[in-house]
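Chains as they are written, first to last, in the working numbering: chain A, 8 to 480; chain B, 2 to 417; chain C, 591 to 975; chain D, 57 to 220.
Here is the structure we will look at, set down as structure tokens.
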Amino acid sequence: MFPPREEFLRVLPILIFCGGGTLLMLLQPFLRSRTAFSLLALAGSLTAVVSVGCSAAHPGAAFYGLIGSDPASVFFEFLVGAVAFLVILGSASYLERESLAPAEFYALIFFAAAGMCVLASAREMLTAFIGLEMSSISSYILAGYRRESPKAAESALKYFLLGSFATAFFLYGIALLYGSTGTTVIAQMTPLAPGLLPKLGLALLLIGLSFKVAAAPFQLWTPDVYEGAPTPVTALFSAGPKAATFALLLRIFVEMPLAAGEWTRIFWILAVITMFAGNLGALLQTNVKRILAYSSIAHAGYILVAFAASNEIGVAAVLFYLLAYAAAKLGAFSVVAHLGGAGEKRIELDDFAGLAQRQPIAAAAFSLFLLSLLGIPVTAGFFGKFYIFKAALASHLIGLAVLLGVNSVIAAYYYLRLIIVMYMREPKEETAALPFPGAVTTVLALCALATVYFGLFPNHIIAFASNPRLFGH
Amino acid sequence: MTDIINILRQHSFLVIALVKCGLLLFILLTVLAYLSLFERKVLAHIQSRWGPYRVGPHGLLQPLADGLKFLFKEDPMPAGVDRFVFLLAPFLSLALALTSLAVIPFGPQPLRFSILGTQYETSLGIVDLNIGLLVLFAITALGVYGVALAGWASNSKYPLLGGLRSSAQMMSYELALTMSVVGVILMAGSFNLREIVTAQEGRMFFGLLPRWNVIAGPFPQIIGFFCYFVAAIAETNRAPFDLPEAESELVAGFNTEYASFKFAMFFMGEYANMITVSCLATIMFFGGWTSPFPSAWSWTHFIPSALLAVLGVLLLIDGIRYETILGKLVLPGVGTALCALSALLLFFAPVNNYIQGPFWFLLKVFIFIFFYVWMRGTLPRFRYDQLMAIGWKILLPLSIANVLLTSLGILKWGLR
Amino acid sequence: MAETTQNGAGQAGSGSAPHTLLGADELILNMGPQHPSTHGVLRVKLKLDGERVAGSECVIGYLHRGVEKIAEHRSYQQFAPYVDRMDYVAAVSNGLGYCEAVEKLMGVEAPPRAKVIRTLLTELQRIASHLLWLATHALDIGALTPLFYCFREREEILKILEKYCGARLTTHAFRIGGLQYDAYDTMEKDVERFCADFLKRIVEYEDLLTGNRIWLGRTKGVGVLSGEDAIAMGVTGPVLRASGVQWDIRKAMPYAAYDQFEFDIPIGKNGDTFDRYVVRMEEMRQSVRICRQAIGKIPAGPILAKVGKVLKPPVGEVYHAIEAPKGELGYYIVSDGTVQPYRVRIRPPSFVNLQAFDKMARGHLVADVVAIIGTLDIVLGEVDR
Amino acid sequence: MTPQLIVFFVLAALAVLGAVTLIAARHPIHSALALIVVMVALAGLYLLQGAEFVAAVQIIVYGGAIMVLFVFVIMLLNAGEEERTSLSRIARVAGIPLALALSGFLAAAVLRSSHAAAQAPVTAASTRGLSMLLFREFVFPFELTSFLILVAILGALVLAQREN
């Protein structure tokens, strides 16, 4: 009756995240020191990242085929684990500065990460739904974690209301799919009878997930939520849930027999409006956090281009892009989190003026991340965009490729503007340099390393992601 | 005429059910009325008073007087109330409380009778559901609304606080209440109340002790019973958990603004709930209608008649010496009737056998109700936070531990 | 009945209170003057933080009858019945204080027989007052039965008082200069029977309450008043003694015949509601002890000192205090040499003790407020006068 | 018209009526009451399908626990009557037709695939079957749900807790 041992090993990262979160909560009344919690959380997330290897060593389905381990899930679990680790590493000093309670914060990150891992490895819709909810609910709370700040309250409330709405769509989609296929296992979803019902279900599913990845026209919440949430949390939002949700989306559209076919057209439309919504929106912003928020909408659009391509290169491109994007976004938000200063008051564009003189290394790192987001060679972002182009062209989506190019040009404007402000503009008033603590520096170094490394040697990842048994059973 | 009889015959099930409903309702409402007299009398004697004494001999007509008073009192509607909800609340309270008694089986054997040459058979109890216990809990779960809505609809501060308190209290204790019976469900393997009783038939310890859940089985449900009983008191808002109507703090809690018959409905609802939870305690932990004595002891069959006889004789003696003429007439009359009933049971063995089950069942229920009253006379009231602490920190963990221990017991020793 | 102020979720901007996502403001609840547990017409304005008391204000005066003013227009004898109406559950004690004060003012002393009978009746009255306190206090906390038990015993005391002077509640038992009535024939027997009975009955109450977990939970640690605070606020009586301060006027400045009797002054340790309960229970036992000693040695002799029909104390002033059941009951009388007092000022124990309410209630739950009002043992007739 | 069908239509009408009242009622408490009616009607429908356990749980959990919490919160916040706002233009122009279209579409789809749906395996009707499904096949998501609830509790604590 009891499931065999390897089934537990297959979902080990999830178990570690859940267990770690619970442990942190249990220790909360007894431990007083912030450092202890930070170290514990770091150790926990590191263990989770390492345990991904364990899950990779035992591929296969677990728990009656509801969840399992395959290369794709391993990749995304690793990504999520690494993001969680870096966010925790970068947030210790932030929490102390804003005097926020550490234990609950880390526990919520753990639970969010657990949810994302479930999302990435679920093979059945209900399991995926619970994963989605776990990550979402943790996110809503994290968004409002700075309770004194009205902006944080707005952020949490907006995220919660719209998020629950999206969840309802998702759930309704599952219900319709179940009604028309008689199963909730993704790979077995073949319609029992022809009709529009399964398509409607899938569409609702897509709406729900589009919300989570901030794809237009369901992106409206993004800037406000990203702006109000504590910046390390914003970093987590932009990297983690997006990756995990795209993982589920990939799994649905690769595995589900139902989802084959005409959906590329939908993705085409989604990709185009998302890219434009993100990039055009970013042009008007003066708040750096909001700029980055709009940029992540745009990036969701780029990734959707790969979905529209719907070929093997596209799948590989999604994986690689998410990795590159996560590294750059994490790095960028870490810089903003630190430079924002107490109460996150200094996150306007003007506040970054003259950063290069004050803190040349920080400015350089920030520029590197921005360039990667823009997709300049030598950075990982370049290859990410390159493979997406390649995928689009391989599927003869010339128009889409052109629009992607146009958008990259628009994006160049605001990324470069930020760099110019940092390097060329004089600061309006004298501001003291904010030296980076060791942990944040480590985060920046790791992100920068990843950005440059994958910018030079993308082949490992591409080779891994081109595995035909990426979503294996 | 024959047509009507034919139609009735065709739908005999429905007809019998309706008749049973009506009968139970009649009996129940009478019992409720006299329960209030019983409570007042017992409380009075605990407190060294006489209690109601003026209306009828020994206050026996007091319930009637109370009922009339409730009916004929002015029925004021406070200003600013939400009329619909204000009226709905007492109705809900009483209706749900009465409904929950519909699933209680009162005895083991079905009642057989014949009308116009057709044999009919019906169980003692309105319905016999597979998920009887769950239905009970479902009804209990809805019962909260009566109190909560009453508090809200009254448009007054103290009722609101009372309503809030009671809904919080009932929600908290519902958990413990539900968890505490899981052990019994595990041991019986059924939600059916009849089957739960059947599972407790039989004897143990050389036939000396009954195999009631509270003492027998793979894991005696003594903890479960404790949790159930405490939670049930809280669930019915009785002392020492009567915070929702704590007079000294909240005036009269949720029913402050209610008067006349609407108040009576709350009142009756509370008593009906008391009966329901007592019935449930009897069924789940004390073997329902099974006798506490070995069946070989045939003399125990005469306990009902003996009790009736003793009661009858006492009434006779007391009645003759009673002050008022009405008492001198009524009390001996009732005493004689009881003695006659006792004689009837003595001489008609089938009838006597038939009432054994219901007798023990009702006796146990009666003992529980006496307990309720006793506690009201003895214990002070808990404070709100203490009440919550007991519910969440003691009862819930205990009842969950009981579930675990019972499952372990069943795993290790099997069912019996 | 009450006003609420509610604060919407996540209100931005102004206001000194910290805004949280789910913040809410304090609620003002008026308890009384029509409330079953405010023992009359006390009105308490409670500032509630959830169910917790963040602050309180006692509003009094609903029962103000101008007793002190009335005194200025009555002769000394005429005023004596009025004092019975202050602490109407301990009228005998009120009378004793007043009579002794006037006697002191006039330089008269009651005869020894009168003194002992006064002591005896006052101690009986103390028991009656404490019984009433226990009855209502227990009822407030939700125990129904002690009420009836206590009233049963109190009834016996009232019967003795009735037999003695014809009145049960507002007795006007004493006269200036001694007594009007001598002890009735079977009084000693009655008192002895009562004392024997009562010692058994008090065990019954303690069976019901003292070891009861619920009672302990409701009283221990509730309404703690430290000795220093109690002294600083002028709190007297059992409330003071429960806080660990040994101060009883019967011992400190003996009056009537208290110096002739042996008794102990029970004191508490923690100054919480439970200690006050224990102290009062023990006080009742000690009162029984005094009563028993008193019936044994009521001296023979006159019961009324020589005082004229018209009382005209010399010009002067006097302060005389006795240990009433609720604390120090003091009379300050200024005489201008006429038949009417120039000024009478009464220090009622309930009024002063009520001051401690806010201190005791802060941080407790609403349900505790009821327990604290009960444990203070106030009588509004005395607070408002 | 079998009796079952009559009961079905009564319950269905009740559910729809409740749902409409839920939206139309101006006072939150009335809306909550309407929602309770919906829940109870749904429980009746489950019962009609032979899913006794689900029906009972529907009432205990939704009708009882959750809705009581709703009512509780409404009472606690002392929420007054909503102010009537006119239907927004988008809602009128796009929302209502879309909602109608969706329901019509769903009805049509369900009608057409009725026999197909009937083939779907019914394993969850009995209490035993349901528990087998929950505690064997779906044990993983079931256990995950407990973490989900834990997160929600944690969130409530984090967001509502007072500063010390």
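Cβ atoms here follow ideal geometry from the backbone N, Cα and C, with glycine treated the same way.
Where residue i falls: helix, strand or coil (DSSP)
i: ALA455 (chain A); result: helix
i: ARG39 (chain A); result: coil
i: ARG154 (chain A); result: coil
i: LEU477 (chain A); result: coil
i: LEU112 (chain B); result: strand
i: HIS83 (chain D); result: coil
i: LEU632 (chain C); result: coil
i: ILE618 (chain C); result: strand
i: PRO58 (chain B); result: helix
i: ARG744 (chain C); result: helix
i: GLY891 (chain C); result: coil
i: HIS46 (chain B); result: helix
i: THR761 (chain C); result: coil
i: LEU73 (chain A); result: coil
i: MET205 (chain B); result: strand
i: GLN624 (chain C); result: coil
i: ALA240 (chain B); result: coil
Residue i CB to nearest heavy atom of the ligand PLP below 7 angstroms
i: ILE79 (chain D); result: For the ligand PLP, the structure offers nothing, since it holds no ligand at all.
Residue i classed as buried or exposed, judged by whether at least 16 other C-beta atoms fall within 10 angstroms
i: VAL959 (chain C); result: buried
i: PRO224 (chain A); result: exposed
i: GLY603 (chain C); result: Note on GLY603 (chain C): pLDDT 34, under 50, position unreliable in the model; no value is reported.
i: THR31 (chain B); result: exposed
i: ARG808 (chain C); result: buried
i: HIS302 (chain B); result: buried
Nearest candidate by alpha-carbon position, reference residue i, set the options
i: LEU98 (chain D); options: D:PHE126, D:ARG145, D:ARG82 and D:VAL63; result: D:VAL63
i: LEU396 (chain B); options: B:GLU175, B:SER306 and B:ILE186; result: B:GLU175
i: VAL124 (chain D); options: B:ALA139, B:ASN354 and B:LEU29; result: B:ALA139
i: LEU158 (chain D); options: A:ILE427, A:LEU207 and A:PHE389; result: A:LEU207
i: LEU65 (chain B); options: B:ALA265, B:LEU315 and B:LEU405; result: B:ALA265
i: SER833 (chain C); options: C:TYR932, C:PRO892 and C:ASN943; result: C:ASN943
i: ILE95 (chain A); options: A:LEU73, A:LEU47 and A:ARG130; result: A:LEU47
i: GLU918 (chain C); options: C:PRO623, C:LEU686, C:VAL631 and C:LEU638; result: C:LEU686
i: ARG975 (chain C); options: C:CYS648, C:ARG655, C:ARG758 and C:PHE669; result: C:ARG655
i: ALA360 (chain A); options: A:ALA110, A:ILE427 and A:VAL192; result: A:ILE427
- [ ] Let me know the alpha helix (DSSP H) ranges lying completely inside the stretch 89-175 of chain D, each 4 residues or longer, listed in chain order.
- [x] 108-113, 123-133, 152-168 and 170-175
- [ ] Report the residues of the stretch 138-157 of chain A with a CB closer than 8 angstroms to any CB of chain D, ordered along the chain.
- [x] GLY138, GLU140, MET141, ILE144, SER145, TYR147, ILE148, GLY151, TYR152 and ARG154
TODO: Note down, in chain order, all residues in the stretch 103-124 of chain D with a beta-carbon under 7 angstroms from any beta-carbon belonging to chain B.
DONE: GLU108, PHE109, ALA112, ILE115, ILE116, GLY119, GLY120, ALA121 and VAL124
Open item on the list: Residues of the stretch 148-163 of chain D in Cβ contact with chain A at a cutoff of 9 angstroms, in chain order, please.
Closed with: LEU158, PHE161 and LEU162
Open item on the list: If the cut-off is 8 angstroms on Cβ atoms, which residues from the stretch 367-392 of chain B count as contacting chain C, listed in chain order?
Closed with: ARG377, GLY378, THR379, LEU380, PRO381, ARG382, PHE383, ARG384, TYR385, ASP386 and GLN387
Task: chain C contacts from the stretch 60-84 of chain B (Cβ-Cβ distance under 7 angstroms) - done: none
Task: Residues, ordered as in the chain, of the stretch 104-123 of chain A that lie near chain D by beta-carbon distance below 9 angstroms - done: ALA108, GLU111, PHE112, ALA114, LEU115, PHE118, ALA119, ALA121 and GLY122
Open item on the list: Going residue by residue through the stretch 213-288 of chain A, where are the continuous alpha helix (DSSP H) segments of at least 4 residues, counting only ones entirely within it?
Closed with: 229-235 and 238-262
Open item on the list: Residues of the stretch 150-171 of chain B in Cβ contact with chain D at a cutoff of 9 angstroms, in chain order, please.
Closed with: LEU150, GLY152, TRP153, ALA154, LEU161, GLY164, LEU165, SER168, ALA169 and MET171
Open item on the list: Beta carbons nearer than 8 angstroms to chain B: which residues of the stretch 788-808 of chain C have them?
Closed with: LEU798, LEU799, ASN802, ILE804, TRP805, GLY807 and ARG808
Task: Whole alpha helix (DSSP H) elements within the stretch 773-828 of chain C, 4-residue minimum - done: 777-799, 803-809 and 817-822
Task: Short-range partners of chain B found in the stretch 730-741 of chain C, where Cβ spacing is below 8 angstroms - done: ASP730, ILE731, GLY732, ALA733, LEU734, THR735, LEU737, PHE738 and TYR739
Task: Selection of the stretch 67-95 of chain A by Cβ proximity to chain D, strictly under 7 angstroms - done: PHE70, TYR71, LEU73 and ILE74
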